[in-house]
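Protein chains in written order, with the numbering used here: chain Y, 1 to 75; chain L, 76 to 431.
What follows is the structure, encoded as structure tokens:
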């Protein structure tokens with residue numbers, strides 16, 4: 001029920017954005033999010049963007065986890 | 076990236092090295108986490124001393140039988156009902172919405188509240204009631220629709236519930252000893268990590284907000300074990316790509332503008348204080364219970380023999396219910412946990428885990 005999926009913002013028109021979900025396009029409401037920009041990734045739940053996906057943060061945590069794993073800190 | 080086998084193996088090695096020499100039991104409170112855990116067989120990968128049990132993380136399952144009864148009564152009286160798909164087949168005291176539809180009632184499955192408002196716009200001569208279920212992830216979307224001033228023939232049967240009060244209730248009840256919580260990623264995207272902090276302080280319980288890929292969940296478990304080992308009891312975020320400590324302030328503000336917090340009964344639970352949302356008096360015109368004068372009805376939560384209540388409180392696993400897979404199946408569900416794709420029983424039957 002709390003399922004939310006990431007998609008890329010293609011176009012913003014007022015409170016509505018066209019979002020691309022890996023080839024499927026859908027109109028998404030922006031009432032709950034002011035930080036969406038064309039080209040950015042957003043997480044969408046029941047037709048509403050609820051957060052911008054922080055790509056830098058995503059890469060950072062993966063890098064740090066990989067570092068942790070490979071570097072033996074996890075060990 | 077979050078499904079890489081090598082990384083998963085390394086994290087699992089790390090988990091094994093944090094063996095505290097006793098059994099530990101973690102609970103998650105999100106149907107999507109249960110899907111990840113069961114679908115990818117994570118329980119069978121974890122060492123025997125770690126237990127991960129499902130809690131009250133399925134909004135459809137915890138919606139009280141009385142509320143299903145209200146929706147079905149409205150449908151049978153000729154109101155046009157809109158609802159999320161999972162709610163359609165959940166049994167209530169007067170049957171399910173699906174059965175009402177079979178008998179000629181208008182029940183339509185919608186993707187979101189915005190689509191429900193659209194149904195009202197296209198049917199100006201009909202009263203449309205949207206069954207608004209869901210946790211903090213969904214409640215702001217309902218609030219946003221209310222603030223956009225839907226047409227007069229639209230109203231809401233609000234069933235929204237709040238997750239941290241239910242977690243607090245479980246910890247305070249002491250029914251089951253928990254060593255940590257895997258907190259839900261998308262509820263927390265809205266509310267942030269702060270609302271969980273009092274639970275860690277009061278009950279000395281570690282919590283990690285995790286994402287929904289298999290490695291997210293494994294890392295979440297590793298972080299919980301690390302906290303236990305280091306004697307820390309705090310709220311950490313693994314799902315940093317979506318969750319910030321303060322959450323989504325705009326969504327919280329809209330939710331607070333439209334709703335007030337009330338005590339409410341959850342299916343399988345007694346009344347949990349401050350655990351649900353109702354429309355504020357200034358939005359009463361959208362309150363289906365007031366507008367349509369629905370009688371509150373008494374209803375038992377479960378059919379005799381159904382142990383969904385214990386599944387929802389994290390006391391048993393689905394297969395421990397005598398009806399599981401025999402009398403109760405996703406095709407012929409007895410309890411709500413077998414109906415919805417986020418119910419622990421439905422997920423267990425669909426994916427047939429190698430090890431519970």
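All C-beta atoms, glycine included, are put in the ideal place defined by N, C-alpha and C. All of these numbers come straight from a predicted model, not from anything done at the bench.
query: Just to confirm, is the Cβ distance from residue 108/L to residue 285/L under 9 Å?; result: yes
query: Which one or two residues does DSSP pair with residue 492/L in a beta bridge?; result: Residue 492/L falls outside the range modelled here, since chain L spans only 76 to 431, and no answer is possible.
query: Please give me, in chain order, every unbroken run of the alpha helix (DSSP H) with length at least 4 that falls completely inside the stretch 163-218 of chain L.; result: 172-177, 188-197
query: Run through chain Y and tell me which residues come within less than 9 Å of residue 187/L, C-beta to C-beta.; result: 29, 45, 46, 47, 48
query: Please tell me whether residue 21/Y and residue 44/Y are closer than 9 Å, where the distance is taken between their beta carbons.; result: yes
query: I need the boundaries of the alpha helix (DSSP H) containing residue 147/L, first residue and last residue.; result: 140-151
query: Tell me which residues share the same chain as residue 322/L and place their Cβ nearer than 6 Å to its Cβ, disregarding the 5 neighbours each side in the sequence.; result: 265, 266, 267
query: Here's the rule I'm using: 16 or more other beta-carbon atoms within 10 Å means buried, otherwise exposed. How should residue 297/L be labelled?; result: buried
query: Taking the C-alpha atoms as reference points, what is the distance between residue 121/L and residue 292/L?; result: 11 Å
query: Considering Cα atoms alone, identify which of 167/L, 145/L, 168/L, 208/L is closest to residue 184/L.; result: 208/L
query: Where does residue 15/Y sit, in a helix, a strand or coil, going by DSSP?; result: coil
query: DSSP three-state label for residue 309/L, please.; result: coil
query: What are the residues in the stretch 4-16 of chain Y lying within 8 Å of chain L by C-beta distance?; result: 4
query: Can you give the beta carbon distance from residue 195/L to residue 226/L, rounded, assuming they're within the 8 Å contact cut?; result: 5 Å
query: For the stretch 239-265 of chain L, which residues have a beta carbon sitting closer than 7 Å to at least one beta carbon of chain Y?; result: 259, 261, 262, 264, 265
query: Identify whether residue 110/L lies in helix, strand or coil by the three-state DSSP scheme.; result: helix
query: Within 9 Å (strictly less), CB to CB, does residue 75/Y reach chain L?; result: Residue confidence for residue 75/Y is low, a pLDDT of 40 falling below 50, so the modelled location carries little weight; the figure read from the coordinates is stated next. True, the Cβ-Cβ gap to chain L drops below 9 Å.
query: Would you please verify whether the beta carbon of residue 316/L is less than 9 Å from any beta carbon of chain Y?; result: yes
query: Quick one: grab the DSSP three-state call for residue 356/L.; result: helix
query: With residue 231/L as the anchor, note down where its beta strand (DSSP E) starts and where it stops.; result: 229-233
query: Would you decide whether residue 379/L is buried or exposed? Buried here means 16 or more other CB atoms lie within 10 Å of its CB.; result: exposed
query: Can you find a CB in chain L that lies within less than 9 Å of the CB of residue 54/Y?; result: yes
query: Count the CB pairs spanning the stretch 381-390 of chain L and the stretch 406-421 of chain L that are closer than 8 Å, and state whether there are at least three.; result: yes
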